[in-house]
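This report concerns only the one structure given below.
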Amino acid sequence: MGTDRPIVVAGAGAIGCFVGGMLAAADRRVALLVRPRVKTEIERFGLRLTDFDGAETKLGAGRVALSEDPAIFHSAGIVLVTVKSADTADVADQIAQHAPQDAVIVSLQNGVGNVAILNERLGGRRVLAGMVPFNVVAMGEGRFHRSTSGDIIVGEDVENTAAALSVSGLTMRGSRDITGVQWGKLIINLNNALSALSDMPLAAQLASRDWRRLFADQMAEGLAVLKAAGITPASATPIPPNWMPTLLRLPDMVFNAILGRTMKIDPQARSSMWQDLKQGRKTEIDYLQGAVIALAEQNNVNVPLMRRIVALIKEVETSGKGPPRLSPQQIRGVA
Ligand SMILES: NC(=O)C1=CN([C@@H]2O[C@H](COP(=O)(O)OP(=O)(O)OC[C@H]3O[C@@H](n4cnc5c(N)ncnc54)[C@H](OP(=O)(O)O)[C@@H]3O)[C@@H](O)[C@H]2O)C=CC1
Ligand SMILES: CC(C)(CO)C(=O)C(=O)O
């Protein structure tokens, strides 16, 4: 695979620009497959990567290659897939057409279905699942802000791709149970919709016990589905996924003490689904709640809260009016 060949980022948005930018800042050769809007933004402002701990990395536009043309994959050693799940099939076809056969493809996407789509379309190339635990918000003018802590987890492989991609300020670790890690992340991602419907920063939401109880109730539905389906979710933090509903329901003081010890989260954090609604884009709800609901149906488990949340998100997607600022009671349908 060789890290002397470029790392090509397939889809330069919040995650793609942050991860690609951190790799470029560590002198890796990085190329971004970009949309025209993002290309213009980076050409004008360069990249400014800021962090929850106050770290800041600036890169001039020339530090990363930018192209709208998928021919940019032609000499890739590693391709990082960072498009939203609905775009995976299209970008996979572009990679299949242009990337070398020995390029390693790493999905840094949420959800549990992207790797299967990539494998199906990439004609025998090596595809690894990855999990990004932290939140990145596109702030405009070339700034991408990482607002929560955590290391990226990548499926373990003999070539140790995770280590090859680890640089100062951005650690990637290998895991033998990447499928469990992805399911564990999906349970956390069920909250993306609640963040989007509330229009609140994640830290403010987590500070409210009413919101935490709602998070917990939806997660409990999700965990019951995984249990019925025989799936064991794994955690990237010291807190096992199955404990999360109980922890979230704890009184503020106890909850804050535990959260403070396990992760950092700053006031800017907003879920990727909030960013989608804010920009009038379709969300990944079908790939997050949708994947759990499909399993619930196969295993005869009721998930009424999750179904209501999906319906609310779809309403907002259709209206195009952006995050609707609903309260926990409105989301539960009791207000
Ligand atoms: N943001 C976050 O904090 C986190 C996100 N994730 C996951 O990471 C993945 C990426 O999310 P995020 O970075 O937020 O998404 P973004 O929407 O910010 O970025 C994706 C980018 O890819 C572009 N794109 C899509 N298809 C193509 C294509 N064929 N060619 C070129 N560009 C393309 C999109 O353009 P356009 O919009 O014009 O289609 C967009 O600019 C998702 O699965 C998300 O769930 C995981 C952890 C945290
Ligand atoms: C916020 C975070 C990190 C966890 O839900 C995320 O995965 C997202 O925004 O999509």
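So the sequence shown is numbered by full-length UniProt numbering: it starts at 1 and just counts up by one.
We put the beta carbon where it would ideally sit given N, CA and C, even for glycine.
Could you compute how far the alpha carbon of residue i sits from the alpha carbon of residue j?
| i | j | result |
| --- | --- | --- |
| Gly-174 | Ala-335 | 45 Å |
| Ala-10 | Lys-264 | 28 Å |
| Ser-235 | Gln-205 | 21 Å |
| Val-79 | Val-254 | 42 Å |
| Asp-102 | Asp-90 | 20 Å |
| Ala-311 | Leu-194 | 12 Å |
| Met-172 | Ala-12 | 19 Å |
| Arg-121 | Val-167 | 30 Å |
List the whole-angstrom C-beta distance separating residue i from residue j, where the pair is believed to meet the contact cut-off of C-beta under 8 Å.
| i | j | result |
| --- | --- | --- |
| Ala-14 | Thr-148 | So it is not a contact: roughly 12 Å between Cβ atoms. |
| Val-64 | Ala-24 | 5 Å |
| residue 336 | Phe-73 | There is no way to answer for residue 336, as the model of the chain reaches only from 1 to 335. |
Verify the contact flag: residue i, CB atom, against every heavy atom of ligand 2, threshold strictly below 7 Å.
| i | result |
| --- | --- |
| Phe-134 | yes |
| Ser-149 | no |
| Asn-114 | no |
| Ile-152 | no |
| Ser-272 | yes |
| Asn-192 | yes |
Could you pull out every residue in the same chain whose Cβ sits closer than 6 Å to the Cβ of residue i, ignoring the five residues on either side in sequence?
| i | result |
| --- | --- |
| Met-1 | For Met-1, the pLDDT reaches just 47, beneath the cut-off of 50, and the residue's location in the model is therefore unreliable, leaving the point undetermined. |
| Asp-266 | Phe-52, Ser-147 |
| Trp-211 | Gln-205, Pro-328 |
| Val-30 | Ile-7, Gly-20, Leu-23, Ala-24, Val-64 |
| Arg-325 | Asp-199 |
| Thr-57 | Ala-25, Leu-49 |
| Asn-135 | Ser-147, Thr-148, Ala-269 |
| Leu-33 | Ala-10, Ile-72 |
Quick one, are the C-beta atoms of residue i and residue j less than 8 Å apart?
| i | j | result |
| --- | --- | --- |
| Ala-216 | Arg-261 | no |
| residue 383 | Ser-85 | This structure leaves residue 383 out entirely; the chain is present only between 1 and 335. |
| Pro-323 | Ala-196 | yes |
| Pro-245 | Lys-185 | no |
| Leu-214 | Ile-187 | no |
| Arg-48 | Gly-169 | no |
| Arg-281 | Asp-252 | no |
| Glu-221 | Met-306 | yes |
| Gln-275 | Leu-190 | no |
| Ile-239 | Trp-183 | no |
| Leu-66 | Gly-46 | no |
Would the C-beta of residue i count as close to ligand 1, meaning under 7 Å from any of its heavy atoms?
| i | result |
| --- | --- |
| Val-38 | yes |
| Gln-268 | no |
| Asp-90 | yes |
| Gln-205 | no |
| Glu-284 | yes |
| Val-9 | no |
| Gly-111 | yes |
Shorter than 7 Å, the distance from the beta carbon of residue i to the closest heavy atom of ligand 3, or not?
| i | result |
| --- | --- |
| Ile-188 | Absent from the structure shown: ligand 3. Ligands present: ligand 1 and ligand 2. |
Excluding five sequence neighbours on each side, which residues of the same chain lie with their C-beta closer than 8 Å to the C-beta of residue i?
| i | result |
| --- | --- |
| Gly-333 | Arg-308 |
| Ala-203 | Ile-265, Asp-266, Pro-267, Ala-269 |
With a CB to CB cut of under 7 Å and the five nearest residues on each side skipped, what residues in its chain are close to residue i?
| i | result |
| --- | --- |
| Leu-118 | Val-81, Thr-88, Ala-92, Ile-105, Ser-107, Val-127 |
| Val-225 | Val-292, Leu-295, Ala-296, Asn-299, Val-301, Val-303 |
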